[in-house]
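Engineer:
There are 2 protein chains.
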Amino acid sequence: MPPKDAPDIVVRRLPYYMRALAQAAERDQTVVSSQELGAWLGVSPAQIRKDLSYFGEFGKQGLGYEVAYLRDQLRAILRADRDWQVVLVGAGALGTALAHYPVFTYGQFPIVAVFDNDPAKHDRRLREDLVVQPVAGMEQAICDRGIRVGILAVPAGAAQEVAEGLVACGIEAILNYAPIRLSLPEHVRVQDIDPVAVLQSMTYYL
Amino acid sequence: MPPKDAPDIVVRRLPYYMRALAQAAERDQTVVSSQELGAWLGVSPAQIRKDLSYFGEFGKQGLGYEVAYLRDQLRAILRADRDWQVVLVGAGALGTALAHYPVFTYGQFPIVAVFDNDPAKHDRRLREDLVVQPVAGMEQAICDRGIRVGILAVPAGAAQEVAEGLVACGIEAILNYAPIRLSLPEHVRVQDIDPVAVLQSMTYYL
């Protein structure tokens, strides 16, 4: 089991390391140095070594990292060696776009159920295998399938109530597209996808 | 002028402070403590005080912060006291959804031009005031309007080339929705919006 004391900021970098390693593997590269990894990712080699040291000893001094091995290790650490079924709430323009992302269709995070409180959207088919359902049926659907991950793509005004509903249904990780800070129990992980906040932090530098 | 030595991680938190202050103002709250701000945002009061101290002296010991004043100061620091015109590249499902976000329609970051390399999409009207144009006309449109901010909503395979095109046109800040790390000159700010990397970092904790 991975140690649980790595800072969240480090955990958040691991998916990018994993992706860089996947790309290296596609190029048939078998060994990679922390210099190379760092250059690809815009991170210093020292940072790469320090980040990875939270999770074990993966490289040999002067020899670098074995691509396939490190990639497998990171996949296991991030639990990316399995699929996670996802529930989507919100079938507006954004929710519809997300439902068609390859990763949310047949990738690691398949959206297997979608809910909306707008009756006009009910029974609409977002994908061949995905029909919009009333929010009332959410709890049953989530419990039946043991889903733990949710995506929130509803307006800000509805987000807190819907999020509480997801948590009541057993959801433990929420990707939140609503431009609002959710207030939820501590055991629930929430990450906001907020393009406005990101743009506002970038214009600081312009 | 704000000092430029605040860590980026601090700059990235400021938009959330600004939003919390806006919500406080809507509730007619005139003074806020670092405890309150911290509680709303899930940040320690000490962190709030330290973050703000990079930019000046905004509060008085034991008296807290004046909501309107601090909000105005943060708006000025983040250059959120003006609108920034934005160019969007990619008129697929995601680009179309983004074009309808209120903030990208009549908010602080109006999308004023949209480009796509798919001839089937050209001349399609994404909004009443927004028609999809061929990528070939991008440079002229960006120069004519002096746009400095771009949003990239194209597939991974096209992203690097399109991003270089944007930079050649004078774009200095890119919000990147393509699941790829862009390699661009140092003066260009890039932030990735990557739901998969975020989800992968959350499943670590499940």
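Protein chains in written order, with numbering that gives the first Met the number 0: chain A, 0 to 205; chain B, 0 to 205. Ideal Cβ positions, reconstructed from N, Cα and C, are used throughout, including at glycine. From a predicted model like this one, the values you see are computed outputs, not experimental measurements.
(1) Under three-state DSSP, which class holds P184 (chain A)?
(2) Taking only runs that begin and end inside the region 26-97 of chain A, name each unbroken beta strand (DSSP E) of 3 or more residues, in chain order.
(3) What's the gap between the Cα of A24 (chain A) and the Cα of V66 (chain A)?
(4) My understanding is that L198 (chain A) touches A152 (chain A), with C-beta atoms under 8 Å, so please give their C-beta distance in whole angstroms.
(5) Buried or exposed: where does Q72 (chain B) fall if 16 or more other Cβ atoms within 10 Å of its Cβ makes it buried?
(6) Under 8 Å between beta-carbons, which chain B residues line up against T95 (chain A)? List them in chain order, please.
(7) Between the region 170-196 of chain B and chain A, which residues of the former have CB atoms less than 7 Å from a CB of the latter, in chain order?
(8) Mind pulling the chain B residues with CB within less than 8 Å of T202 (chain A)?
(9) Starting from A112 (chain A), trace the beta strand (DSSP E) in both directions and tell me its first and last residue.
(10) Check this for me: beta carbons of M244 (chain B) and Q190 (chain A), under 8 Å apart or not?
(11) At which residues does the alpha helix (DSSP H) containing I179 (chain B) begin and terminate?
(12) Is R124 (chain B) helix, strand or coil when you go by DSSP?
(13) How far does the beta strand (DSSP E) with L151 (chain B) in it extend, from its first residue to its last?
(14) In whole angstroms, what is the alpha-carbon distance linking K49 (chain B) and T29 (chain B)?
(15) Within 8 Å of any Cβ in chain B, is that where the Cβ of L125 (chain A) sits?
(16) Closer than 8 Å by beta-carbon distance: list the chain B residues that pair up with Y15 (chain A), in chain order.
(17) Check the Cβ of L102 (chain B) against every Cβ in chain A and list those closer than 9 Å, keeping chain order.
(18) Under a CB-based cut-off of 8 Å, is L129 (chain A) close to chain B?
(19) Would you call the CB atoms of L181 (chain B) and A158 (chain B) closer than 8 Å?
(20) What does the Cβ neighbour count give for P118 (chain B), buried or exposed, with the cut at 16 atoms within 10 Å?
(21) What's the C-alpha gap between G58 (chain A) and S43 (chain A)?
(22) Name the residue from A:A140, A:Y100, A:D80, A:M137 whose alpha carbon lies nearest to the alpha carbon of R126 (chain A).
(23) Going by DSSP, what residues sit across from Q190 (chain A) in a beta bridge?
(24) Tell me which same chain residues have a C-beta within less than 6 Å of the C-beta of Q46 (chain A), skipping the five on either side of it?
(25) Counting only Cβ-Cβ distances shorter than 9 Å, please list the residues of the region 108-120 of chain B near chain A, keeping chain order.
(26) Taking 8 Å as the cut-off, does the region 136-153 of chain B touch the region 73-82 of chain B (at least 3 CB pairs, one atom from each stretch)?
(27) Could you give the distance in angstroms between the alpha-carbon of C168 (chain B) and the alpha-carbon of V31 (chain B)?
(28) When the distance is taken between beta carbons, is I150 (chain A) closer than 8 Å to L183 (chain A)?
(29) Within 10 angstroms of its Cβ, does Y64 (chain B) collect 16 or more other Cβ (buried), or is it exposed?
(30) Taking the CB atoms as reference points, tell me whether V85 (chain A) and I146 (chain A) lie closer together than 8 Å.
(31) So for L205 (chain B), helix, strand or coil by DSSP?
Structural biologist: On the basis of the data shown:
(1) coil
(2) 63-65, 85-88
(3) 7 Å
(4) Going by Cβ atoms, the distance from L198 (chain A) to A152 (chain A) rounds to 19 Å, so no, they are not a contact pair.
(5) buried
(6) Within 8 Å of the CB of T95 (chain A), the CB atoms of chain B belong to A92, A96, in sequence order along the chain.
(7) E171, A172, L174, R180, R188, Q190, I192, P194, V195, A196
(8) Within chain B, the C-beta atoms nearer than 8 Å to that of T202 (chain A) come from L77, R78, A79, W83, V148, A172, in chain order.
(9) 110-115
(10) Residue 244 (chain B) lies beyond the stretch modelled for chain B, which goes from 0 to 205, so this question has no answer here.
(11) Counting along the chain, I179 (chain B) falls outside any alpha helix (DSSP H), and DSSP gives it neither H nor E.
(12) strand
(13) 148-151
(14) Taking the straight line joining both Cα atoms gives about 21 Å.
(15) Chain B, which has no Cβ nearer than 8 Å to the Cβ of L125 (chain A), makes this no.
(16) R180, A196
(17) Looking at the sequence shown, residue 102 (chain B) is not Leu but Val. Under the 9 Å cutoff, chain A gives P178, P194, V195, L198.
(18) L129 (chain A) does not count as touching chain B.
(19) Closer than 8 Å, so yes.
(20) exposed
(21) 16 Å
(22) Sorting A:A140, A:Y100, A:D80, A:M137 by C-alpha distance to the C-alpha of R126 (chain A) places A:Y100 at the top.
(23) A:L174
(24) none
(25) Listed by position along the chain: F108.
(26) no
(27) 43 Å
(28) Not in contact: L183 (chain A) and I150 (chain A) (Cβ atoms no closer than 8 Å).
(29) buried
(30) yes
(31) coil
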